[in-house]
Amino acid sequence: MSAQPGDSSRAVCISGGTSGIGAGLVAGFLASGDRVYTFGRDPGKLKRLTERWPEQTANGTLIALVGDVTDADFRARLVASIAEQSGRLDVLVNNAGVILDSGDLEESVDAWRATLETNLIAPFALTQACAELLERSAAPVVINLSSACGQHPFVACTSTSYSVSKAGLDMLTRRLALGLGPRGIRVNGVAPGVVASAMWGGQTDLIASTVQARHILGQQIVTPADVADAVLFLASSRARLITGATLNVDAGYTLG
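Counting in the numbering used here, the sequence shown runs from 2 upward without gaps.
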């Protein structure tokens with residue numbers, strides 16, 4: 002999707018933009034002519050990302066930082082960097098997420114805490130930290146990356162803590178939309194189904210059976226680019242009156 006009038010040269014922050022859906026988001030916003038700030042915990046993945054976009058890295062259109070979204074000190078440094086270089090934030094995409102364990106009662110309490118910290122608490126904390134910068138934008142928007150697993154307890158998603166964290170993120174989207182709307186900030190979500198990305202790495206049989214059983218639109222697997230298109234739409238002026246919504250990108254996964 003190309004940028005709409007008034008959308009060009011935005012300051013965009015994407016958490017967890019080093020691979021999979023996150024890398025697709027980085028590609029989409031860079032293609033729209035935006036300045037993108039992104040970060041992740043793995044220096045190797047960040048290096049590969051910047052090598053993919055050498056010109057944008059060299060001219061400061063892509064700023065890739067090593068950092069953990071759950072680290073309050075890093076969040077403060079990130080916000081300070083955006084303020085210094087851009088003076089405002091137009092789009093915040095809370096994309097970083099983890100699946101640490103599987104099972105129901107088999108999951109450890111520590112895995113639950115870590116999952117909720119990254120998938121639910123960190124999006125709130127980063128939005129809170131960025132609120133002042135967002136208010137400086139003419140058309141600010143926050144977009145939370147949720148999951149179809151947060152809407153229905155599918156067998157294909159084997160982590161209970163992950164599903165619960167995404168269900169909570171959907172409610173956070175609505176609550177923040179309600180609270181930040183009077184400040185001019187839109188808040189929406191995108192909930193992918195099974196995506197061809199590293200998070201499902203090595204589970205080709207599970208992916209194939211899930212697609213066959215649940216994808217109403219046929220044997221199509223959602224790609225990071227499909228998710229990025231939805232995010233780009235919600236971040237654009239075409240969605241100026243959409244807030245508090247979570248858009249499913251799942252080929253009908255949640256209908257069955």
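All C-beta atoms in this analysis are idealised placements derived from N, C-alpha and C, irrespective of residue type, glycine included.
- Using a C-beta cut-off of 8 angstroms, the segment 123–134 makes contact with the segment 63–77, since at least three inter-stretch Cβ pairs fall below that distance.
- Around the beta carbon of residue 16, a 10 Å sphere encloses 16 or more other beta carbons of the protein chains shown; the residue is thus reported as buried.
- The count of Cβ pairs closer than 8 angstroms, one atom from the segment 219–231 and one from the segment 170–187, stays below three, leaving the stretches out of contact.
- Excluding the 5 residues flanking it on each side, residue 249 has same chain C-beta neighbours closer than 7 angstroms at 149, 192, 255, in chain order.
- For residue 166, the three-state secondary structure derived from DSSP is helix.
- Membership of residue 63 in any alpha helix (DSSP H) is not indicated; the residue belongs instead to the beta strand (DSSP E) covering 63–67.
- Looking at the backbone, the Cα of residue 196 and that of residue 64 are separated by about 26 angstroms.
- With fewer than 16 other CB atoms across the displayed protein chains lying within 10 angstroms of its CB, residue 156 is exposed.
- Nearest in C-alpha terms to residue 83, of all of 12, 246, 175, is 12.
- Taking the CA atoms as reference points, residue 113 sits about 24 angstroms from residue 247.
- Residue 93 places its beta carbon less than 9 angstroms from that of residue 143.
- Looking at the backbone, the Cα of residue 39 and that of residue 33 are separated by about 16 angstroms.
- By the neighbour-count definition (other C-beta atoms within 10 Å, threshold 16), residue 76 is a buried residue.
- A direct Cα-to-Cα measurement between residue 20 and residue 223 gives close to 15 angstroms.
- Bounds of the beta strand (DSSP E) holding residue 15 are 12–16.
- About 6 angstroms separates the beta carbons of residue 164 and residue 158, which is inside the 8 angstroms limit, making them a contact pair.
- The DSSP-derived three-state label of residue 161 is helix.
- The C-beta distance from residue 225 to residue 24 rounds to 7 angstroms, short enough to meet the 8 angstroms contact threshold.
- Under the rule that a run must span 4 or more residues, the alpha helix (DSSP H) segments found entirely inside the segment 121–164 read 123–136.
- Distance check between residue 129 and each of 241, 237, 180 places 180 closest, using alpha-carbon atoms only.
- Burial is judged here by how many other beta carbons sit within 10 angstroms of a residue's own beta carbon; residue 152 has at least 16 and is buried.
- Residue environment: residue 178 is assigned as buried (16 or more neighbouring CB atoms within 10 Å of its CB, all protein chains considered).
- In this structure, the alpha-carbon of residue 44 lies about 21 angstroms from that of residue 115.
- Nearest in C-alpha terms to residue 184, of all of 160, 135, 221, 161, is 135.
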